[in-house]
Every structure is written in C-alpha cells, then in structure tokens.
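Colleague:
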Amino acid sequence: MDLNFIQVILVIIVAFFAGMEGILDEFHFHQPVIACTLIGLVTGQLVPCMILGGTLQMIALGWSNVGAAVAPDAALAAVASAIILVLGGQGKGGVDSAIAIAVPLAVAGLLLTILARTIATAIVHIMDREAEKGSFRGVEAWHVVAICMQGVRIAIPAALILAVGAGPVRSVLSAMPTWLTDGLSVGGGMVVAVGYAMVINMMATAEVWPFFAIGFVLATVQDLTLIGLGAIGISMALIYLALSEKSGSSNGGPSNSGDPLGDIIDNY
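According to the numbering used here, the stretch in the sequence shown is residues 18 to 285, in order.
Encoded structure:
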C-alpha cells in the first residue's frame, strides 16, 4: 500500500523513538511488539503488524547483551520488517516473509550499532572537556546529541525503505517463488522456537517445569479465553508461593529449592 506524507512522517518518528529506546530502555519502544504495533497503528495495518510484532518478540526474548557481546538489533528488525510488511500490501499473508527478512536485518543492524557506539566514544571525550570547563549545559547538550544519534540510526534506514516505495517492495515480494516463501515460513518458526527455548533454559528449574507443561496444555484448549488463562496462571503462581513458603519454614533452615537466586534472596 502507498503511504501519505503524514503516515511517512509518523513512521519515521516511531523509528526514531525506537532507536533511542534501544539505549534508554524506559518506555520499551524498541521492543518489536510495541514498535510494530505503533507502525501498524499509524499506517492502518494494525492487525498484521501486531502479529508480526508478537512473533518477533518471541525471537527477541533470547537476545541480550552479555559482556562485550552485542545482541542483534531488535529495533531495526522490528521497524524495517513492519514497514516492508505494510508496503508489501499482503496483510497477514506477508507476516512470514517479513519475519524471515527481520532476522538478517537484526544482524546487519549490529554494524550500525557498532558505528554509533564508536562515535559515542568521541562524544564522551567532548563531554569530559565540557565537564572540565564546568559547563553543565554543554554536558547535557552533548548527551542529547548522543541519544538522538541512536534514534537517527533507525530513522535513516526506515526513511530509505519508505523512499523505495510500495511498488518495488511489492514486486520483490511477489517475485519470490513458493518454495522460498514456504522455507522462510518454516525457518521463521524455528527461530521463534529457539528464542523461546533460550529463555526457558535460563529460567527453568525442577520446580517450574510442571507449570510450563500445564501452561502449554491449557493453551491448546479452544474454549479458554486470555482472561481465563490469566486467572489460571495467577492461581498457579499463588500455589507455588504457598508451597515455597511451606517448604522453607518446615525445616527451619535455609532452603535448597534448586533455584540458587531464589535461595539467596530467601536467605537474605
């Protein structure tokens, strides 16, 4: 679909805030489920973009910065894939292709992230010189410049995709053979499973595995609504807390629940 001038400006603004939030991490505009939803809202393609954002969020759950290792750029992946989905005009049918495009975009976004952080290093030295002068206003001004640079890091690629226009994007997506789109769909589903598995691997203990199993079984029941599932989840959480307190108070000493962090907090 073709976007009017106001929609283009709003999409670029969303991309700008998503880039800044990748550093600020306050309102989570960089999270795919929020960035894609906002782009879908301003372009009139809310439902397909929400589906895309929710699926990408499952992938991004396994992305985190550990030490010097920088995670793939979730903001660029979400914004660029959502724009491509909207311009392609395929609606829900284009979600699988957009997901497959998002993963290499996220990896490519690492180059922009490294470039922005390299420039930020020089800005830090400028801020040090302003601090030596006692110029609080100068330090604040360069701080704002560094944050805005992170927003431009996402806004420029978004503007370039919008400049290409709906026609070329639609032509490329339509030219993809069936075997390629089906393969991208399967690959995208596998990446979602891997991302969620990474999160479970980090947080799962012997005590919570039954709750995971119960949750997956209940999710397959067609008659349960999200409110019903939420009530069941809260009930299971309360049961778990009650059993944990009973287990910790029964022996009169430190607990050994298999959750080291939980044990440390309880002992503290």
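Even for Gly, the Cβ is constructed at its ideal location relative to N, Cα and C.
#1: What is the rounded straight-line gap between the Cα of residue 97 and the Cα of residue 180?
#2: Skipping 5 residues on each side, what residues in its chain have a beta carbon closer than 6 Å to that of residue 62?
#3: Should residue 53 and residue 27 be called a contact, given that it needs their Cβ atoms to be closer than 8 Å?
#4: Which first and last residues belong to the alpha helix (DSSP H) in which residue 128 is found?
#5: So what's residue 45 in DSSP terms, helix, strand or just coil?
#6: Please look up how many angstroms separate the CB atoms of residue 40 and residue 93, rounded, as I've assumed it's under 8 Å.
#7: Do you know offhand how far residue 80's Cα is from residue 88's?
#8: Taking Cβ to Cβ, would you say residue 35 is nearer than 8 Å to residue 47?
#9: Let me know if residue 122 comes out buried or exposed under the rule of 16 or more other beta-carbons within 10 Å of its beta-carbon.
#10: In three-state terms, what does DSSP make of residue 179?
#11: Using C-beta distances below 7 Å, list every residue in its chain close to residue 59, excluding the 5 sequence neighbours before and after it, in chain order.
#12: Please determine if the stretch 153-164 and the stretch 102-116 are in contact, where contact requires at least 3 C-beta pairs separated by less than 8 Å.
#13: Note down, in chain order, each residue of its chain lying with its Cβ closer than 6 Å to the Cβ of residue 137, except the 5 sequence neighbours on either side.
#14: Name the residue from 77, 167, 151, 55 whose alpha carbon lies nearest to the alpha carbon of residue 130.
#15: Less than 6 Å between C-beta atoms, sequence neighbours within five positions excluded: which residues of the same chain meet that for residue 144?
#16: For residue 24, does the three-state DSSP call read helix, strand or coil?
#17: If residue 236 and residue 246 are in contact, beta carbons under 8 Å, what's the gap, nearest whole angstrom?
#18: Residues in the same chain with beta-carbon distance under 7 Å from residue 226, minus the five sequence neighbours each way, listed in chain order, please.
#19: For residue 133, which residues of its own chain have a beta-carbon under 7 Å away from its beta-carbon, when the five flanking residues on both sides are left out?
#20: CB residue 100 to CB residue 178, shorter than 8 Å?
#21: Closest to residue 75 by C-alpha separation, out of 50, 66, 56, 90, would be which residue?
#22: Measure the C-alpha to C-alpha separation of residue 151 and residue 42 and round it to an integer number of angstroms.
#23: Between the Cα of residue 108 and those of 127, 68, 125, spot the shortest distance and give me the residue it belongs to.
#24: Return the chain-ordered list of same chain residues with a C-beta closer than 6 Å to the C-beta of residue 148, the five sequence neighbours on each side being excluded.
#25: Check the C-beta distance from residue 65 over to residue 57 and give it rounded, since I have them as a contact under 8 Å.
#26: Return yes when the Cβ of residue 228 is within less than 8 Å of the Cβ of residue 217, no when it is not.
Modeller: Considering the structure as presented:
#1: If I take the Cα positions, the gap works out to 12 Å.
#2: Around residue 62, the same chain offers 103 as residues with beta carbons nearer than 6 Å, after the five sequence neighbours per side are excluded.
#3: The answer is no: Cβ separation not under 8 Å.
#4: Bounds of the alpha helix (DSSP H) holding residue 128 are 112-150.
#5: Three-state result, residue 45: coil.
#6: Between residue 40 and residue 93, the beta carbon gap of about 13 Å keeps them out of contact (Cβ cut-off 8 Å).
#7: Distance between the alpha carbons of residue 80 and residue 88: 5 Å.
#8: Cβ distance < 8 Å, so residue 35 and residue 47 count as in contact.
#9: By the neighbour-count rule (16 or more Cβ atoms within 10 Å), residue 122 is buried.
#10: Assignment of residue 179 by DSSP, reduced to helix, strand and coil, places it in the helix class.
#11: Once the five neighbours on either side are set aside, the close Cβ partners of residue 59 are 24, 27, 28, 31.
#12: Too few Cβ pairs lie closer than 8 Å, so no.
#13: 163, listed in sequence order.
#14: Of 77, 167, 151, 55, the residue nearest in Cα terms is 167.
#15: 156, 159, listed in sequence order.
#16: In this structure, residue 24 counts as helix in the three-state DSSP scheme.
#17: Indeed they touch by this definition, with Cβ atoms about 7 Å apart.
#18: If the five residues before and after residue 226 are omitted, its C-beta is found closer than 7 Å to no C-beta atom of its own chain.
#19: Excluding positions up to five away in sequence, the list reads 166, 167, 170.
#20: The answer is yes: Cβ separation under 8 Å.
#21: Residue 50 is the option with its Cα nearest to residue 75.
#22: Looking at the two C-alpha atoms, the distance is approximately 29 Å.
#23: For residue 108, the nearest C-alpha among the options comes from 68.
#24: Answer for residue 148: 156, listed in chain order.
#25: Indeed, because the Cβ distance is near 7 Å, the residues count as touching under 8 Å.
#26: Result no, Cβ atoms of residue 217 and residue 228 do not sit closer than 8 Å.
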